[in-house]
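**Q**
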Amino acid sequence: MACIYIETFGCQMNEADSQEIIDRASAAGYEVTSDPSAASVVVLNTCTVRDSAERRAYGRMAHLRALKTGDSRVKLIVCGCLAEQDRDRMRLRAPYLDGVFGTSDVARLGEQLAAWRPGFEDFSEASEARALLRLGGEADCIAGAFSHLRAFVTVQRGCSYYCTYCIVPHVRGRFDHRSLADVLTDVRAKVSLGAREITLVGQTVNAYREPARGADFADLLERVAALEGLDRLGFLTSHPKDFTEKLVRTLGALARLNPRFHLPVQSGSNAVLRRMNRKYTIEEYLEKVAAFRSYCPSWALSTDLIVGFPGESEADFEATLELCERVGFAQAFMFVYSPRRGTPAARWEQIPSDVGGERLRRLATVVDRSVRGWHDRKVGTTVRALVKGPSRKDASKLALKTSDNVTVVAPAPICSETALAERPWLDVSVSQAHVWGCSGTVAGGAERYDGPAIPFAVSPLFDIVSLVRS
Ligand code: SAH
Ligand code: SF4
Ligand code: F3S
0 MACIYIETFG CQMNEADSQE IIDRASAAGY EVTSDPSAAS VVVLNTCTVR DSAERRAYGR
60 MAHLRALKTG DSRVKLIVCG CLAEQDRDRM RLRAPYLDGV FGTSDVARLG EQLAAWRPGF
120 EDFSEASEAR ALLRLGGEAD CIAGAFSHLR AFVTVQRGCS YYCTYCIVPH VRGRFDHRSL
180 ADVLTDVRAK VSLGAREITL VGQTVNAYRE PARGADFADL LERVAALEGL DRLGFLTSHP
240 KDFTEKLVRT LGALARLNPR FHLPVQSGSN AVLRRMNRKY TIEEYLEKVA AFRSYCPSWA
300 LSTDLIVGFP GESEADFEAT LELCERVGFA QAFMFVYSPR RGTPAARWEQ IPSDVGGERL
360 RRLATVVDRS VRGWHDRKVG TTVRALVKGP SRKDASKLAL KTSDNVTVVA PAPICSETAL
420 AERPWLDVSV SQAHVWGCSG TVAGGAERYD GPAIPFAVSP LFDIVSLVRS
């Protein structure tokens, strides 16, 4: 039997591509597996946004190579942003690969899978040699009962903004906006396959312009949110430069939207923002935050931050701390600047890495306070969250995400994964808050976000009560 295993690194764009690769593989007759040692084709969808992502991908490639030693029929292929950046270098560094596919090669990858498919007719999932390797899954893999519940739909490829630190435009090309009709078709298809949450993805989704008629992102959201059968809708990522009052007015008016706005600020210093080529000032960012809060008062605001950018002084860094204190983000992804080959900032004088590391720690202390505060507000309430799968730390527990993107962990109810996937919106009574999210107990599950929750396990007491009543 032909089985495919895919590991995805990086951002929402790679997640969306991985879903497309799986769709193509399934159409060609592959089964999807969450166990690399059971796979006939292993795919690594890579990222190169920071050096750590690059090193991780090469490490994982070398590790998974053992599968091919265990069984020479196994194919190992690499795609995504690092594959695009390192196409030639990768063939030299990892000559054992069976294929390297760039970011615009997803269709060709699908054709290659279809061509290999007949060769796996007698491929057995259970191979002692491969099983002994115990490679486990590392990054997110698409498989299992819950993966169809969340679907990513690309609205825009590439990015034309060329922030001076960023590799993305170099590996994904300039903006290429999809037509509204194509986006609607994809959303309908995912919804009909059982997706409960659709995320519209692009590097700067709010810069969206419908190629034919010029509809903007607010128009697109309105059209998608009106689709029949759609449960919840989210979007990632927005750029402060393309923030408009029309957009936040629309966000506040659409009930099906997940109440979470991701608006990366990167730095609190105007001098740094200018050198980053971010195209806004902190004063403008704060005005936008104020407008957003007036239309969407209960929404979570999240961000990305970079410390240790070339030329960042202690005063610049303190401006970032001050901004974070002032805004109080519900979630923030924080990074030490990492020079990327071919980008302007990589050629500038660098900040020593220990300074970057120390600033990251100081920033985390400030950010963690507001993040924890956001989670504290949920203690004592019941939140409705979508199941992701078993918790990585404790398989007896489930990991879920609320619609404002908070991780929730709770003991798994006593029922099959299939039953859970049919009622995947769980009501969780939150008893504790942490920096990473919340924990609590499951009170019941609903088929739809706005549907009634039904308890999973019927307790003896509940049984007696219902007997007495009948
Ligand atoms: N398009 C999005 C972000 C895409 S990359 C935006 O403009 O906001 C995701 C995040 O990675 C960025 O927001 C930035 O914080 C971080 N990042 C990108 N390049 C980086 C680099 N060279 N070093 C460190 N962090 C980086
Ligand atoms: Fe990179 Fe800037 Fe484009 Fe975001 S907007 S993807 S940070 S170049
Ligand atoms: Fe990484 Fe490519 Fe996304 S470099 S962050 S996977 S667009």
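The sequence shown begins at 0 in numbering that gives the first Met the number 0 and counts up by one. No residue lacks a Cβ here, since even glycine has one placed at the ideal position from N, Cα and C. Nothing here was measured: the structure is a model prediction, and the numbers come from that model.
(1) Given that a residue counts as buried once 16 or more other Cβ atoms are within 10 Å of its Cβ, and exposed if not, what is cysteine 80?
(2) Please report the residue range of the beta strand (DSSP E) in which tyrosine 4 lies.
(3) Using DSSP bridges, identify the partner residues of glycine 525.
(4) So, helix, strand or coil for lysine 287, using DSSP?
(5) For the putative contact between asparagine 404 and arginine 259, defined by C-beta atoms under 8 Å, what is the C-beta separation to the nearest angstrom?
(6) At a cut of 8 Å, does the segment 19–33 reach the segment 47–61 through at least three beta carbon pairs?
(7) For methionine 333, which beta-bridge partners are listed by DSSP?
(8) For the segment 216–226 and the segment 162–174, state whether three or more C-beta atom pairs, one from each stretch, are separated by less than 8 Å.
(9) When you measure from the CB of isoleucine 20 to every non-hydrogen atom of the ligand F3S, does any distance come out below 8 Å?
(10) Quick one: Cα of alanine 418 to Cα of cysteine 2, how far?
(11) Under 8 Å from any heavy atom of the ligand F3S, does the C-beta of glutamine 202 make it?
(12) Would the C-beta of tyrosine 207 count as close to the ligand SF4, meaning under 8 Å from any of its heavy atoms?
(13) State the CB to CB distance for the pair valine 365 and leucine 320, rounded to an integer number of angstroms; the pair is presumed to be in contact (CB under 8 Å).
(14) State the start and end residues of the unbroken alpha helix (DSSP H) segment that holds cysteine 323.
(15) Judging by CA-CA distance, which residue of Ser395, Ala432 and Gly388 is the nearest neighbour of serine 146?
(16) Could you spell out where the beta strand (DSSP E) holding alanine 409 opens and where it closes?
(17) Which residues mark the beginning and the end of the beta strand (DSSP E) in which phenylalanine 234 is found?
(18) Assuming the contact rule is C-beta atoms closer than 8 Å, leucine 183 and leucine 226 should be a hit. Round their C-beta distance to whole Å, please.
(19) If we ignore side chains and look at the alpha-carbon of each, how far apart do arginine 149 and serine 337 end up?
(20) Is the closest heavy atom of the ligand F3S to the C-beta of phenylalanine 122 under 8 Å?
(21) Going by C-alpha to C-alpha distance, which of Glu286, Thr7, Pro351 and Gly157 sits closest to arginine 55?
(22) What separation, rounded to the nearest whole angstrom, lies between the Cα atoms of valine 464 and alanine 409?
(23) With a threshold of 16 other CB atoms inside 10 Å of the CB of arginine 88, please say whether the residue is buried or exposed.
**A** Reading off the structure:
(1) Taking the sequence shown and counting its residues from 1, the one referred to as residue 80 is at position 81. Cysteine 80 comes out buried.
(2) What you label residue 4 is simply residue 5 of the sequence shown in a count that begins at 1. Note, tyrosine 4: beta strand (DSSP E), 2–7.
(3) It is not possible to answer for residue 525, since the shown part of the chain is limited to 0 through 469.
(4) Sequence index remark: in the sequence shown, residue 287 carries index 288 (1-based). Reduced to three states, the DSSP call for lysine 287 is helix.
(5) Mapped onto the sequence shown, residue 404 falls at position 405. Mapped onto the sequence shown, residue 259 falls at position 260. At roughly 5 Å, the Cβ-Cβ gap stays under 8 Å, so asparagine 404 and arginine 259 are in contact.
(6) no
(7) The residue given as residue 333 occupies position 334 in the sequence shown. The partner list for methionine 333 (beta bridge, DSSP) reads Leu304.
(8) no
(9) Residue mapping note: residue 20 aligns to position 21 of the sequence shown, counting from 1. Not under cutoff, so the answer is no.
(10) On the sequence shown, residue 418 is found 419 positions in, with the first residue counted as 1. On the sequence shown, residue 2 is found 3 positions in, with the first residue counted as 1. Each residue's alpha carbon lies about 25 Å from the other.
(11) For the purposes of this step, residue 202 is identified with residue 203 of the sequence shown, where counting begins at 1. Yes, since a heavy atom of the ligand F3S falls inside the 8 Å radius drawn around the Cβ of glutamine 202.
(12) Your numbering for residue 207 matches position 208 in the sequence shown. No, the beta carbon of tyrosine 207 sits no closer than 8 Å to any heavy atom of the ligand SF4.
(13) In the sequence shown, the residue the question calls residue 365 occupies position 366. In the sequence shown, the residue the question calls residue 320 occupies position 321. Going by Cβ atoms, the distance from valine 365 to leucine 320 rounds to 5 Å, so yes, they are a contact pair.
(14) In the sequence shown, residue 323 corresponds to position 324, counting from 1. Here the alpha helix (DSSP H) through cysteine 323 covers 313–326.
(15) Here residue 146 corresponds to residue number 147 of the sequence shown, with the count starting at 1. Residue Gly388 is the option with its Cα nearest to serine 146.
(16) Start at 1 with the first residue of the sequence shown, and residue 409 comes out as number 410. Element bounds for alanine 409: 406–410.
(17) Position 235 of the sequence shown holds residue 234. Per DSSP, phenylalanine 234 belongs to the beta strand (DSSP E) from 231–235.
(18) As a first step, residue 183 must be located in the sequence shown, where it is residue number 184. As a first step, residue 226 must be located in the sequence shown, where it is residue number 227. Right, the Cβ-Cβ distance comes to about 7 Å (below 8 Å), so this counts as a contact.
(19) Within the sequence shown, residue 149 is the residue found at index 150, counting from 1. Within the sequence shown, residue 337 is the residue found at index 338, counting from 1. Taking the straight line from one Cα to the other gives about 31 Å.
(20) One-based indexing of the sequence shown puts residue 122 at position 123. No - the ligand F3S has no heavy atom lying nearer than 8 Å to the Cβ of phenylalanine 122.
(21) Within the sequence shown, the letter at position 56 stands for residue 55. Closest option to arginine 55, Cα to Cα, is Thr7.
(22) Counted from its first residue, the sequence shown places residue 464 at position 465. Counted from its first residue, the sequence shown places residue 409 at position 410. The predicted position of valine 464 is uncertain, since its pLDDT is 45 and thus under 50; a value taken from the coordinates is nonetheless stated next. So the two alpha carbons sit approximately 26 Å from each other.
(23) Stepping through the sequence shown from its first residue, residue 88 is reached at position 89. With fewer than 16 Cβ atoms within 10 Å of its Cβ, arginine 88 is classed as exposed.
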